[in-house]
Amino acid sequence: MAVNLAEKYASKVDERFKLKSLTEAFINRDYTWDGVKTIHVYSIPTVALNNYDRTAAANRYGTPAELDDTVADYTLTQDKSFTFIIDKGNNVDQMNVKGAGKALQREIDEVIVPTKDAYRLNKIAAGAVANSGYASASISAANAYAKFLDGQKYLDNNKVPLAGRVAAISATFYTYIKQDSTFIKSGDMSQRMLVNGQVGEIDGVKLIKVPDSYLPTNCAFIITHPSVTVAADKLAEYKVHDNPPGINGNLVEGRVYYDAFVLDAKKKGAYAHFTSGSM
Numbered sequence: 074m075a076v077n078l079a080e081k082y083a084s085k086v087d088e089r090f091k092l093k094s095l096t097e098a099f100i101n102r103d104y105t106w107d108g109v110k111t112i113h114v115y116s117i118p119t120v121a122l123n124n125y126d127r128t129a130a131a132n133r134y135g136t137p138a139e140l141d142d143t144v145a146d147y148t149l150t151q152d153k154s155f156t157f158i159i160d161k162g163n164n165v166d167q168m169n170v171k172g173a174g175k176a177l178q179r180e181i182d183e184v185i186v187p188t189k190d191a192y193r194l195n196k197i198a199a200g201a202v203a204n205s206g207y208a209s210a211s212i213s214a215a216n217a218y219a220k221f222l223d224g225q226k227y228l229d230n231n232k233v234p235l236a237g238r239v240a241a242i243s244a245t246f247y248t249y250i251k252q253d254s255t256f257i258k259s260g261d262m263s264q265r266m267l268v269n270g271q272v273g274e275i276d277g278v279k280l281i282k283v284p285d286s287y288l289p290t291n292c293a294f295i296i297t298h299p300s301v302t303v304a305a306d307k308l309a310e311y312k313v314h315d316n317p318p319g320i321n322g323n324l325v326e327g328r329v330y331y332d333a334f335v336l337d338a339k340k341k342g343a344y345a346h347f348t349s350g351s352m
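To convert, take the position in the sequence shown, counting from 1, and add 73; that gives my numbering.
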């Protein structure tokens, strides 16, 4: 005799883990793209000092010349969208587990937020590499603190302010730094939770632990200052259409228009360490 076993689908959805944005501490919003796709930003250089010539008939300060300037262009490139349908018939046959509002929030939390975070960190790392602000060497529990100090030295030598520095460290690097005996003796990894994702500080630098996947391949950590990278979030629009033409149910749509740029005059303010190679 055949036995028909009962089956049941639970109405409670098994939700995945998610993270809030982890990169707000790494960026500034000093410039706006209101009404435009591209902005042009001036950088004004300085001039060298001369020896004042007390005996010269003219130009005792030196030979004057027009002060130069440079212009950097920053054009928005990230124009992303998504869409999906929740058919009313399917939804009622599935105990209404696909609520449009919750599905939209799930898309923001699990796709939009991590995509933007990873993009920002990759742009900072790319800026560091483009301006020779990086190192490539293996990291272990024996040298993690020393490699971090190399990054600090690079920023120090390029006059980057100590106050406000922030580091994105991979989950892997975090395990090494916690085991480094030199750091344990000399570091000051206080556990003050000041910004989202912060797991402490090293020598005054806020540490924000991120999933390895948020950083470029083989990148252990990035150290920078928020003044270095400007972020634009020009558009974030999400819509839930109820019974639009041709669909019985919900049509969910979303669009985000954003970008991030390492500013030209501050390009020496980012450092990245790779365990091998670079970007």
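Beta carbons: idealized from backbone N, C-alpha and C, even for Gly.
- The three-state reading of DSSP puts alanine 129 in coil, since its state is none of H, G, I, E or B.
- With contacts defined as CB atoms closer than 8 Å, histidine 346 and alanine 208 qualify as a contacting pair.
- Of Gly200, Glu97, Gly277, the smallest CA-CA separation from leucine 336 is found for Gly200.
- Around the Cβ of isoleucine 117, a 10 Å sphere holds fewer than 16 other Cβ atoms; the residue is exposed.
- Collapsing the DSSP output to three states places lysine 220 in a helix.
- The C-beta distance from threonine 111 to aspartate 142 rounds to 18 Å, too long to meet the 8 Å contact threshold.
- The C-beta separation of leucine 288 from leucine 194 comes to about 6 Å, placing the pair in contact by the 8 Å criterion.
- In the three-state scheme derived from DSSP, where H, G and I count as helix and E and B as strand, glycine 342 is classed as helix.
- Setting aside the 5 residues that flank it on each side, aspartate 126 is surrounded in the same chain by Arg133, each with a C-beta closer than 6 Å to its C-beta; the list follows chain order.
- DSSP places aspartate 332 within a strand segment (E or B) once states are collapsed to three.
- Contact check for threonine 245 against alanine 293 passes: the beta carbons are separated by less than 8 Å.
- By the 16-neighbour rule on beta-carbons within 10 angstroms, tyrosine 227 is buried.
- The C-alpha of glycine 174 lies about 17 Å from the C-alpha of glycine 162.
- Every alpha helix (DSSP H) of 4 residues or more that sits fully in the region 153 to 201 is shown, in chain order, as 161 to 166, 173 to 180.
- Under the DSSP assignment, phenylalanine 246 falls in the alpha helix (DSSP H) whose first and last residues are 244 to 252.
- For threonine 119, no beta strand (DSSP E) run applies, since DSSP gives it neither H nor E.
- Nearest neighbour of alanine 241 by Cα position, chosen from Lys91, Thr96, Asp87, Glu88, turns out to be Thr96.
- Counting other Cβ atoms within 10 Å of its Cβ, asparagine 124 stays below 16 and is therefore classed as exposed.
- An exposed status is given to tyrosine 115, since fewer than 16 other beta-carbon atoms sit within 10 Å of its beta-carbon.
- Residue pairing for phenylalanine 347: DSSP places it in a beta bridge opposite Ser209, Cys292.
- Between the alpha carbons of isoleucine 185 and leucine 92 lies a distance of about 11 Å.
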